[in-house]
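Taking my numbering, the leading residue of the sequence shown gets 1, the next gets one more, and so forth.
C-beta: ideal position from N, C-alpha, C; glycine also.
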Amino acid sequence: MEKTLRFREQHQTILQIKKEINKELTEEKLAINAKRVRSLLAQLAGHLNVHLAMEDQALYPRLFKHENKEVQNLARKYSEEMSDLKGKFNEYMKKWPSPLAIEKDPSTFIKETKEIFKALQIRIQKEDNELYYIVDRVS
């Protein structure tokens, strides 16, 4: 786990911020705490962008050149999947640029936040349990 420890720690930070946002996902709480939630979303986006940049610059290039074709293919698969999720997350962030946007349509915000968080959760679990597992053994 040594080789992927930093990536796993980043996942934990992302999941912790997600957990804090989830506590606020009711219309009543958003009416009071939309500013805090938007601030937490900005933190989440910042941590996620750093994490993805590290993967794109340090992890995937090394795996693309690995001697084992299965490792190369797995890296390509993960890289392509993440590109799609990153695009969806960026669109989500553009749709909710401010506390006011959240306050104007809290029910849609809640629904879309739960959807994007579910996708992030699934991705993080897959990386931790499959990709990083393999990286720790073959690198």
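{"Item": "Does the Cβ-Cβ distance between Met82 and Leu41 come in under 8 Å?", "Value": "no"}
{"Item": "Compare the C-alpha of Gly46 against each of Thr113, Phe89, Ala101 and Lys95 and name the closest.", "Value": "Phe89"}
{"Item": "What does the alpha-carbon distance come out to for the pair Lys86 and Leu100?", "Value": "24 Å"}
{"Item": "Can you confirm whether the region 64-72 touches the region 7-16 when touching is taken to mean that 3 or more C-beta pairs between the two stretches lie within less than 8 Å?", "Value": "no"}
{"Item": "What's the C-alpha gap between Gln57 and Ile32?", "Value": "40 Å"}
{"Item": "With distances taken from CA atoms, which of Ser79, Glu115 and Glu130 is nearest Ala53?", "Value": "Ser79"}
{"Item": "Look at the alpha carbon of Val37 and the alpha carbon of Glu112, and state the distance between them as a whole number of angstroms.", "Value": "14 Å"}
{"Item": "Does DSSP put His66 in a helix, a strand or coil?", "Value": "coil"}
{"Item": "Can you check whether the CB of Leu131 is closer than 8 Å to the CB of Lys18?", "Value": "no"}
{"Item": "Confirm, please, whether the CB-CB distance from Phe109 to Leu44 is below 8 Å.", "Value": "no"}
{"Item": "Spatial neighbours of Leu63 within its chain, please: CB distance less than 6 Å, with the 5 preceding and 5 following residues excluded, ordered by chain position.", "Value": "Val71 and Ala75"}
{"Item": "Leaving out the 5 sequence neighbours to the left and right, which residues in its chain are closer than 8 Å to Ile21 when beta-carbon positions are compared?", "Value": "Val37, Leu40, Leu41, Leu44, Thr113 and Phe117"}
{"Item": "Cα separation between Lys95 and Glu67?", "Value": "42 Å"}
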